[in-house]
Amino acid sequence: VFTYNKLLLQLTREHRYDRASAVFQEMIDTKSCQPDAFSFAILLRGLCRSNQLEKARQLFERMKEMGCVPDDAVYNALIGGYCKAKDFNAAFKLLAEMIENNCLPSVVTYTNLIDGLCKAGQTKDAVKLLDEMRKKGCIPNVYTYNAVVEGLCVERKIDEAKKVLEEMAVRGVFPDVVTYNSIIKGLCRSDRVDEARKFLAKMPVAPDVVSYTTVINGLCKSGDLDSASRILVQMSNRGCIP
RNA sequence: UUUCCAUUUGCG
Numbered sequence: 001v002f003t004y005n006k007l008l009l010q011l012t013r014e015h016r017y018d019r020a021s022a023v024f025q026e027m028i029d030t031k032s033c034q035p036d037a038f039s040f041a042i043l044l045r046g047l048c049r050s051n052q053l054e055k056a057r058q059l060f061e062r063m064k065e066m067g068c069v070p071d072d073a074v075y076n077a078l079i080g081g082y083c084k085a086k087d088f089n090a091a092f093k094l095l096a097e098m099i100e101n102n103c104l105p106s107v108v109t110y111t112n113l114i115d116g117l118c119k120a121g122q123t124k125d126a127v128k129l130l131d132e133m134r135k136k137g138c139i140p141n142v143y144t145y146n147a148v149v150e151g152l153c154v155e156r157k158i159d160e161a162k163k164v165l166e167e168m169a170v171r172g173v174f175p176d177v178v179t180y181n182s183i184i185k186g187l188c189r190s191d192r193v194d195e196a197r198k199f200l201a202k203m204p205v206a207p208d209v210v211s212y213t214t215v216i217n218g219l220c221k222s223g224d225l226d227s228a229s230r231i232l233v234q235m236s237n238r239g240c241i242p
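Encoded structure:
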């Protein structure tokens with residue numbers, strides 16, 4: 001099984017899903033070596049990522065028919081797939097099923113859902129889910145918050161996003177460069193480039209290429225090429241390569 | 001001895 005799984009993993013990494021499915025079928029046919037939950041997880045994840053959700057669903061049914069118990073990796077893969085397809089009914093159904101089967105949804109599970117909701121423009125629901133996960137004793141981490149912050153910034157609700165920052169501070173989750181980059185992007189998009197520039201100057205963590213690029217982009221769009229080139233110089237001085 | 005994973009820039 002180990003050997004087969006390794007092969008499956010490699011094949012899906014190379015996006016050769018047809019080949020992977022064939023290998024999988026071979027495992028079942030030979031009967032000497034039945035796929036385990038991990039084999040399924042690997043293949044399901046590959047199918048979900050390549051938008052072959054229907055195939056994934058069938059495989060999942062088959063898995064249960066074979067008496068193989070889905071683990072959290074399997075559920076996470078499927079939930080991620082449905083989120084990307086914006087089929088939240090299906091995603092939440094799986095979440096419920098997962099809990100029924102005594103499979104604890106992890107922070108990754110929730111982050112998947114929260115990120116999906118945000119990307120679909122449903123930040124309101126995302127924030128609600130964030131609250132719910134906490135009530136269930138699942139602690140959001142920086143990835144979870146970043147997904148929310150990013151979602152709010154895309155919707156130009158910068159001030160709400162800043163509130164989330166405050167909440168992070170209260171809960172002892174430290175914003176990282178990704179968090180700040182989302183805010184900077186939000187400010188730029190809301191024509192608050194000047195604030196973005198100030199934010200860049202005083203952010204508590206070291207700005208990276210993305211931070212600089214975002215601000216420079218904003219400045220260019222607003223026609224402030226002088227400031228843009230100044231930032232560019234500053235950026236190279238700090239060893240960042242555009 | 002296999003072990004999947006989630007978040008940010010550039011109309012990529």
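Numbers 1 to 242, taken from this note's numbering, label the letters of the first sequence in order.
In this text, a Cβ means the ideal position worked out from N, Cα and C, and glycines have one as well.
DSSP, reduced to helix, strand and coil, places N5 within a helical segment of the structure shown. Taking a cut-off of 8 Å on C-beta distances, the region 159-169 does not touch the region 187-204, as fewer than three cross pairs fall below it. Under the three-pair Cβ rule at 8 Å, the region 133-149 counts as touching the region 95-111. Contact check for A56 against C48 passes: the beta carbons are separated by less than 8 Å. Annotation for L225: the continuous alpha helix (DSSP H) segment containing it runs 225-237.
Fewer than three beta-carbon pairs drawn from the region 62-81 and the region 117-126 are found closer than 8 Å, and the two stretches are therefore not classed as touching. Taken through DSSP and simplified to helix, strand or coil, M98 comes out as helix. A201 and E155 have their alpha carbons spaced roughly 24 Å apart. Within a 10 Å sphere around the beta-carbon of R45 sit 16 or more other beta-carbons, which makes this residue buried. Taking all protein chains shown into account, F24 has 16 or more neighbouring C-beta atoms within 10 Å of its C-beta and is therefore buried. Closest option to Q58, judged by alpha-carbon separation, among E26, Q34, S21: S21.
At least 8 Å separates the beta-carbon of V173 from that of V148. Straight-line measurement puts the Cα of M235 at about 14 Å from the Cα of D226.
For the pair F199 and I183, the CB atoms are nearer than the 8 Å cut-off.
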